[in-house]
């Protein structure tokens, strides 16, 4: 049920759940027929490491390695069914947005190379700027790219820029920079005073112009 894959995104190895139903659902969700399973978290220590989905692979999944409310997706349902004691009703699964139909590259390649990403809706490369707000990946909020500068060069597998000291602060994301939402700029319930010109309501979404 558990397999190790070698040389993934510059890492010597990663661990995946490779049971039949998980493999089927992972290949379908990411639209990548050669995936061997769903990657497990390799950060966080006891209670998180090897017991949650890799946050970088499934940001909004209930069983990813972070606090907060997530979605109960086909990925977790498949893991339960492959235990042999549950029968999953996949019609009840909640929809994920992060990485859906992304193809193989999201899981097999680094998030950025020399500061450029193949997935600009997921990852970013701009230093935070209060005058220029960005859309979060799910288009439900405004935020800023959480790139920052470390004092020392990052490990090679986490180097995404020409400057090896640049990355995000999120180890669960493999230090990949992404747009982090502000607390008061939600499209559904944000503060209009800090979102001039925005229409705020239950059906509002962030658009790139």
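In the UniProt record's numbering, the protein residues as written are 1 to 209. C-beta atoms are modelled at their ideal positions from N, C-alpha and C, and glycine is treated no differently.
Quiz item: Is the beta carbon of residue 122 less than 8 Å from the beta carbon of residue 186?
Solution: no
Practice problem: Check whether the region 135 to 154 touches the region 80 to 94, taking contact to mean three or more Cβ pairs, one atom from each stretch, closer than 8 Å. | Solution: They do not touch, by the three-pair rule.
Quiz item: Is it buried or exposed for residue 203, if we count other Cβ within 10 angstroms and need 16 for buried?
Solution: exposed
Quiz item: Between the region 146 to 166 and the region 191 to 198, do three or more beta carbon pairs fall short of 8 Å?
Solution: no
Self-check item: Selected residue, minimal CA-CA separation from residue 60, among 98, 4 and 81
Solution: For the residues 98, 4 and 81, the minimum Cα distance to residue 60 belongs to 98.
Quiz item: With contact counted as at least three CB pairs below 8 Å, one residue from each stretch, are the region 94 to 108 and the region 24 to 35 in contact?
Solution: yes
Self-check item: residue 85 classed as buried or exposed, judged by whether at least 16 other C-beta atoms fall within 10 angstroms
Solution: It counts as exposed.
Quiz prompt | Spatial distance of residue 7 from residue 95 (CA atoms) | solution = Between the alpha carbons of residue 7 and residue 95 lies a gap of roughly 30 Å.
Practice problem: Going by DSSP, name the residue or residues bridged to residue 181. | Solution: DSSP lists 143 as the bridge partner or partners of residue 181.
Quiz prompt | Pairwise C-alpha distance: residue 208 and residue 133 | solution = 10 Å
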